[in-house]
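Its first residue numbered 200, the sequence shown is counted upward by one per residue in our numbering. Backbone N, C-alpha and C fix where the C-beta goes; we use that ideal spot for every residue, glycine too.
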Amino acid sequence: MAISDSRFAYLMTRRNDEILFLADAEPTNSKDYSPPGQVYYEATDVLRGVFLTGQPAVEGPVADRWGAWVSGFAPIVDSQTGDVVAIFGFDVSARNWNATIARFRLLGIGISTLVTAVVLLFGLFGFKQHRHAAKVRYAARHDPLTGLVNRRVFAEELQQRISGHGSKGLAVLYLDLDHFKDVNDTLGHATGDELLCAVAGRLNNHVRRSDCVGRFGGDEFAIIVEATNVSVEAEKLAGRLIAALREPYEINGNQIRSGASIGIALCKSSNDAAERLMSYADIALYQAKKDVGGSCKLFTDAMDIEIRERVSSNTELRDALDRGELFLEYQPQVDIESRRITGVEALVRWRHRERGILEAAQFVPLAERTGLLLLIDRWVLREACRQGREWLDAGISIDRIAVNISALHFKRARELERDVLSALSETGFPPKHLELELTETGVIAASCEQDGVLAQLRQQGIRLSIDDFGTGYCSLDYLRRYPADRVKIARAFIEKIGSDPGSATIVKAITSLAFQLGMVPIAEGMETADQLEKVSECFCPEGQGLYFAKPLGRSAITPLLRQGTVADARTADRQLRGRRLAVVGGNTSS
């Protein structure tokens, strides 16, 4: 500074009870420099008093390593409010400090100009800080994509309304888009994000100002509705929203059609918890999605019972994996003319502690909903390969073991490839004896990556088959390109082959087409001699079903495999009962 006896000059302001630096004359590289916004923890009562009274003050002298000093504080007052907005402070030598401070007064205009500039500068700084803080607060409360409130704020608002909803009724609508994953997968996540923003806009356009709309992530939204007759109003709103969201969207040159399913839960008392009410709405949404797309369901107590049973079943199924309650049965695939066993299909079963033996159809849908299906798929692969290796080591010739691959597993093509190769490597089962069964609908939806993985697996010697062929809408061109070894004709045609000429024609056509494409057709679900005769007339060489043998456990199927052939169902059953009676009789006599 121009005055040699001065040491420091600084500008400070107040925020609540804190004194903050706005400017400091110290060089910025000095260890004593105080940057803007730093709290002045050594603020004295005299300094705080200047903020309160608006009167200048002097404090000191104070001795330190630089000498003895006196501090002067000059308030900067807002001319309109009279509030002290800042203090200009300066430290001067205690020697003749009165004269030094008097010389400071001579700099009044210069100091005033300096102070004005600094105040303007740090006023801008304060505005930016305030704006940044506001952005942080907004981000903590809102979904960054759509601008709707997030789940936490929605739950807080819901709880507040539950506690004070009074005479009005209250409902929560839980909404989930239909086919949103397809949009992401086919058009990309950027288009998916724009669709979500468009959906948020339509929701806001169809609710009242008093309603609260939130996004919970993904394609899930929720709405709080208050009304006198809330159940009626909520269902009316749900209907309007479903209709509005069904209308096409124009995004990036694409016309996108989506839609939504909605679950509704009604608040019954001011003691309800927000999370519980949201959970009920979610349960109702789950029920709505079980119907065709674009439907609405109101939560009932029966739904709660069902969901509790589902959660219980989920726990039981997870425990079943850990306790080894899953096992495989094997159903022979047979050459129709010679009755020679050409292979077996591995079928997973659950030995439930209370409900007995459960077939796959009774628990696989549960496994798919609860995320356990891939674990079951991997277990089936390993167990089938392990059993196959055991049979080969025992000298039992087996051409192939067919294992069903779920659509979910097939979608994760690279993961499927790793799981298959890992099962073969761990068990030492030769790839040429393993056949993977894929459903026709799974084949239709196959991506280029999935096609590539199937081709690589086939190069390893692994065989592939299309299951339930004829029930989907697989194009003949895709069938031509698909690298399958077998085509399994859907049981729906075999069941009616004796009574419906059309079914016989379809079976004959599929058989002929399969042969021409280098594939072997096999008829599923054969149960009667009449079906056997009709399938033979269609020139289908292989069959599978109860007419030849039901699915059998390892101990029952092993003698059949060693024998290599099966009789018809009646003979096979007599033989099987005879073996069981012999075992029981032996145990009884011992």
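**Prompt:** For H378, does the three-state DSSP call read helix, strand or coil?
**Reply:** Mapped onto the sequence shown, residue 378 falls at position 179. Three-state result, H378: coil.
**Prompt:** Is it true that the CB of V276 sits closer than 8 Å to the CB of E258?
**Reply:** Looking up residue 258 in the sequence shown gives position 59. Looking up residue 276 in the sequence shown gives position 77. No, they are not a contact pair.
**Asked** If we call anything under 8 Å between Cβ atoms a contact, is Y373 one with M477?
**Response** Within the sequence shown, residue 373 is the residue found at index 174, counting from 1. Within the sequence shown, residue 477 is the residue found at index 278, counting from 1. Against a cut-off of 8 Å, the Cβ pair of M477 and Y373 comes out as a contact.
**Request:** Specify the secondary structure class of Q532 as computed by DSSP and reduced to three states.
**Result:** On the sequence shown, position 333 is the one that residue 532 refers to. Three-state result, Q532: strand.
**Request:** Tell whether a beta-carbon distance below 8 Å holds between G742 and A713.
**Result:** For the purposes of this step, residue 742 is identified with residue 543 of the sequence shown, where counting begins at 1. For the purposes of this step, residue 713 is identified with residue 514 of the sequence shown, where counting begins at 1. No.
**Prompt:** In terms of residues, what are the limits of the alpha helix (DSSP H) holding V719?
**Reply:** The residue given as residue 719 occupies position 520 in the sequence shown. Following the DSSP letters along the chain, one finds V719 in no alpha helix (DSSP H) but inside the beta strand (DSSP E) bounded by residues 719-723.
**Asked** Rounded to a whole number of angstroms, what is the C-alpha to C-alpha distance between V579 and D518?
**Response** Working through the sequence shown from its first residue, we reach residue 579 at position 380. Working through the sequence shown from its first residue, we reach residue 518 at position 319. When only Cα atoms are considered, V579 and D518 end up about 16 Å apart.
**Prompt:** Counting Cβ pairs closer than 8 Å, one from the stretch 442-462 and one from the stretch 351-360, do we hit at least three?
**Reply:** Contact check between the stretch 442-462 and the stretch 351-360: fewer than three CB pairs, one atom from each, fall below 8 Å, which does not count as touching.
**Asked** What did DSSP end up calling S460 once you bin it into helix, strand or coil?
**Response** Indexing the sequence shown from 1 puts residue 460 at position 261. Residue state, collapsed to three classes: strand.
**Message:** Starting from C396, trace the beta strand (DSSP E) in both directions and tell me its first and last residue.
**Reply:** Translated into the one-based positions of the sequence shown, residue 396 becomes position 197. Per DSSP, C396 lies in no beta strand (DSSP E); the unbroken alpha helix (DSSP H) holding it starts and ends at 388-405.
**Bounding residues of the alpha helix (DSSP H) (the contiguous stretch that carries C584)** = What you label residue 584 is simply residue 385 of the sequence shown in a count that begins at 1. First-last of the alpha helix (DSSP H) with C584: 572-592.
**Message:** At the level of alpha carbons, what is the spacing between A583 and S596?
**Reply:** Here residue 583 is taken as the residue at index 384 of the sequence shown, counted from 1. Here residue 596 is taken as the residue at index 397 of the sequence shown, counted from 1. Inter-residue distance for A583 and S596 is about 15 Å (C-alpha atoms, whole angstroms).
**Request:** For P226, count neighbouring Cβ atoms within 10 angstroms of its own Cβ and tell me buried if that reaches 16, exposed if not.
**Result:** One-based indexing of the sequence shown puts residue 226 at position 27. Counting other Cβ atoms within 10 Å of its Cβ, P226 stays below 16 and is therefore classed as exposed.
**Item:** Buried versus exposed, by CB contacts within 10 Å (16 or more), K687
**Value:** By 1-based counting over the sequence shown, the position of residue 687 is 488. With at least 16 other beta carbons inside 10 angstroms of its own, K687 counts as buried.
**Item:** Which of helix, strand or coil DSSP assigns to V563
**Value:** As a working note, residue 563 is residue 364 in the sequence shown. In this structure, V563 counts as helix in the three-state DSSP scheme.
**Prompt:** Does the Cβ-Cβ distance between L546 and L574 come in under 8 Å?
**Reply:** Position 347 of the sequence shown, counting from 1, holds the residue named residue 546. Position 375 of the sequence shown, counting from 1, holds the residue named residue 574. Not closer than 8 Å, so no.
**Asked** At which residues does the alpha helix (DSSP H) containing G669 begin and terminate?
**Response** Here residue 669 refers to the residue found at position 470 when the sequence shown is read from its first residue. Run containing G669: none; DSSP gives neither H nor E here.
**Asked** Is the beta carbon of P750 less than 8 Å from the beta carbon of I535?
**Response** Locating residue 750 in the sequence shown gives position 551, counting from the first residue. Locating residue 535 in the sequence shown gives position 336, counting from the first residue. Not closer than 8 Å, so no.
**Request:** Name the residue from S270, V284, P274, G281 whose alpha carbon lies nearest to the alpha carbon of S791.
**Result:** One cannot answer for residue 791 here, as it falls past the ends of the chain, which runs 200 to 789.
**Request:** Specify the secondary structure class of R213 as computed by DSSP and reduced to three states.
**Result:** Taking the sequence shown and counting its residues from 1, one reaches residue 213 at position 14. Correct three-state label for R213: strand.
**Request:** Please work out which residues of its chain come closer than 6 Å, Cβ to Cβ, to D598, disregarding the five sequence neighbours upstream and downstream, and give them in chain order.
**Result:** On the sequence shown, position 399 is the one that residue 598 refers to. If we look at D598 and ignore the five residues flanking it on each side, its Cβ neighbours are T541, G542.
**Message:** Which residues does DSSP list as the beta-bridge partners of A545?
**Reply:** Start at 1 with the first residue of the sequence shown, and residue 545 comes out as number 346. DSSP output for A545 lists Y529, V602 as bridge partner(s).
**Request:** For my contact list, R685 and S664 are in at a C-beta cut-off of 8 Å; report their separation, rounded to the angstrom.
**Result:** Taking the first residue of the sequence shown as position 1, residue 685 is located at position 486. Taking the first residue of the sequence shown as position 1, residue 664 is located at position 465. About 4 Å separates the two Cβ atoms, so the contact holds.
**C-alpha distance - K467 paired with R690, whole-angstrom precision** = On the sequence shown, residue 467 is found 268 positions in, with the first residue counted as 1. On the sequence shown, residue 690 is found 491 positions in, with the first residue counted as 1. Whole-angstrom Cα-Cα distance: 50 Å.
**Request:** Measure the C-alpha to C-alpha separation of V382 and E434 and round it to an integer number of angstroms.
**Result:** Reading the sequence shown from its first residue, position 183 is the one you call residue 382. Reading the sequence shown from its first residue, position 235 is the one you call residue 434. If you take the alpha carbons of V382 and E434, they lie about 27 Å apart.
**Closest by C-alpha distance to M725, when choosing among I696, V283, V431, A708** = For the purposes of this step, residue 725 is taken as residue 526 along the sequence shown, with counting starting at 1. Comparing Cα-Cα distances from M725 to each of I696, V283, V431, A708, the minimum goes to I696.
**For G624, three-class secondary structure by DSSP** = Stepping through the sequence shown from its first residue, residue 624 is reached at position 425. Residue identity differs from the one stated: residue 624 is Ser in this sequence, not Gly. The answer is helix: DSSP assigns S624 an H, G or I state.
**Asked** Going along the chain, which unbroken runs of the beta strand (DSSP E) with 3 or more residues stay wholly within the stretch 216-262?
**Response** As far as the stretch 216-262 is concerned, its whole beta strand (DSSP E) runs of at least 3 residues are 217-223.
**Asked** Which one of Y232, A208, D231, Y240 has the shortest CA to CA distance from R214?
**Response** Counting from one through the sequence shown, the residue named residue 214 turns up at place 15. Nearest of Y232, A208, D231, Y240 to R214, Cα basis: Y240.
**Request:** Look at V734 and A748 and say whether their C-beta atoms are less than 8 Å apart.
**Result:** Taking the first residue of the sequence shown as 1, we reach residue 734 at position 535. Taking the first residue of the sequence shown as 1, we reach residue 748 at position 549. Contact check for V734 against A748 fails: the beta carbons are separated by 8 Å or more.
**Request:** Determine the contact status of G413 and V371, defining contact as a CB-CB distance below 8 Å.
**Result:** The residue labelled residue 413 in the question sits at position 214 within the sequence shown. The residue labelled residue 371 in the question sits at position 172 within the sequence shown. Judged by their CB atoms, G413 and V371 are not nearer to each other than the 8 Å cut-off.
**Message:** Taking a contact to mean a Cβ-Cβ separation below 8 Å, would you say D418 touches D375 in this structure?
**Reply:** As a first step, residue 418 must be located in the sequence shown, where it is residue number 219. As a first step, residue 375 must be located in the sequence shown, where it is residue number 176. Their beta carbons are under 8 Å apart, which means D418 touches D375 by this criterion.
**Prompt:** Roughly how many angstroms separate the alpha carbons of L637 and Q530, rounded to a whole number?
**Reply:** Working through the sequence shown from its first residue, we reach residue 637 at position 438. Working through the sequence shown from its first residue, we reach residue 530 at position 331. Straight-line Cα distance between these residues: approximately 17 Å.
**Asked** If you draw a straight line from the alpha carbon of S754 to that of R350, how long is it in whole angstroms?
**Response** Against the sequence shown, residue 754 aligns to sequence position 555. Against the sequence shown, residue 350 aligns to sequence position 151. A direct Cα-to-Cα measurement between S754 and R350 gives close to 54 Å.
**Prompt:** What first and last residue would you give for the alpha helix (DSSP H) that runs through L712?
**Reply:** Against the sequence shown, residue 712 aligns to sequence position 513. L712 -> alpha helix (DSSP H) spans 700-715.
**Prompt:** Are H378 and S460 closer than 8 Å when you measure CB to CB?
**Reply:** Sequence index remark: in the sequence shown, residue 378 carries index 179 (1-based). Sequence index remark: in the sequence shown, residue 460 carries index 261 (1-based). The answer is no: Cβ separation not under 8 Å.
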